[in-house]
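Counting in the numbering used here, the sequence shown runs from 897 upward without gaps. The structure appears right after this line, and notes come after that.
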Amino acid sequence: MAYIRGSKDGEGDRREEVRRRDDIDLEKLQQAHADLAEAHKHIRESHIEMILNLAIAAEYKDADTGNHILRISDYSTELGRAVGLSKEDLELLRYASPMHDIGKIGIPDKILQKPGKLDPDEWEIIKKHPLIGWRMFHNSSSPLLKAVAQIALTHHEKWDGSGYPHGTKGKDIHLFGRIVTIVDVFDALVNKRCYKDAWSFEQGLDHVKSLSGTQFDPELVAIFVKIEKDVRNIYNANQSIAKYIDDFKTAEEALHKVE
Ligand SMILES: [Fe+2]
Ligand SMILES: [Fe+2]
């Protein structure tokens, strides 16, 4: 009996030992996973802050407010969500769209900030900014920076092929570029610029509609009009860099909200 009891106890001890070891391994694994997730989050935050600061640097050269790029990000996110982009693509669009004009870093200030009309030579120089932006980032291994390059390259292309730099047409223009061009024009219209006063929300939306099928992808314009309420919320919100980064850090689920 003693032998059997001893054998049973030994078996139980071994099982207990294995269970304890498994618990410790699981704890270690969970901790490593949490550490990795934290490090990953930190890298993404730094990456996105760097991108936003670069975008703001480019925007200041253009004498517009830094908030333009944040609204571009917000509008693009809403339009991209309504189009049905995947979570990954929506995130790329959200954080790459502020950089659409990053190539303006390579354009002289005296042209960018000229208050009057540009002469044809100056226009030719301005029209180089999409290619400058593309060249800055298209070789990057980062999907986010690749998206920046794609948006920088295509945000002045037009649906009918009359845009620049390549005169690319229709759906050959990357979807991100087709989205950003709509919201970029809309936001420029409804805000004051050094060369014009702000148009009303309705005037801006009507103008976007009037360019459907010529300058803009008609399907995207229809969706933009359909989400007018969301567009108006962004138009009325006073977006700021501090709030935008705060939103990113604390409420990232807003980006992935379920419809
Ligand atoms: Fe541009
Ligand atoms: Fe812009």
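A virtual CB, placed ideally from N, CA and C, is assigned to each residue, including glycine.
Does the distance between the C-beta of D997 and the nearest non-hydrogen atom of ligand 1 fall short of 6 Å? yes
How big is the Cα-Cα spacing for I1003 and N949? 18 Å
Nearest neighbour of T1050, chosen from W1019, F1112, D1093 [CA to CA]: F1112
Between the stretch 1014–1025 and the stretch 971–978, are three or more C-beta pairs nearer than 8 Å? no
Check each candidate in D1068, K1065, G1057, E1053 and name the one with the smallest Cα separation from V1081. E1053
Please find out if some non-hydrogen atom of ligand 3 comes closer than 6 Å to the beta-carbon of D1080. Absence of ligand 3 is noted for the structure shown, with ligand 1 and ligand 2 being the only ligands found.
Let's see if you can read the secondary structure: which residues bound the alpha helix (DSSP H) around H964? 963–979
For S1108, which of helix, strand or coil comes out of DSSP? strand
Own chain residues within Cβ distance below 8 Å of G906, not counting five before or after: none
If I measure Cβ to Cβ from L988 and keep anything under 7 Å in the same chain, skipping five residues before and after, which residues do I get? P1039, L1040, A1043
Can you find the residues in the same chain that come closer than 8 Å, C-beta to C-beta, to E1124, ignoring five residues on each side of it along the sequence? L1101
Start and end residues, alpha helix (DSSP H) containing T1050: 1039–1050
Starting from P1026 and walking both ways along the alpha helix (DSSP H), at which residues does that stretch end? 1025–1033
Taking the alpha helix (DSSP H) that A992 falls in, what are its first and last residues? 983–992
From H1034 to P1026, what does the alpha carbon distance come to, in whole angstroms? 12 Å
Determine the extent of the alpha helix (DSSP H) in which G1073 is found, giving its start and end residues. 1071–1085
Within this structure, are the beta carbons of A954 and D997 separated by less than 7 Å? yes
Just list the residues that DSSP pairs R1089 with in beta bridges. K1092
Just checking, does the stretch 962–974 make contact with the stretch 1114–1132 on the three C-beta pairs under 8 Å criterion? yes
Could you check where the alpha helix (DSSP H) with P1016 kicks off and where it finishes? 1016–1022
DSSP three-state assignment for H1103, whether helix, strand or coil: helix
Are the CB atoms of D1143 and H964 within a distance shorter than 7 Å? no
Going by the CB atoms, is the gap between S1108 and V1117 shorter than 7 Å? yes
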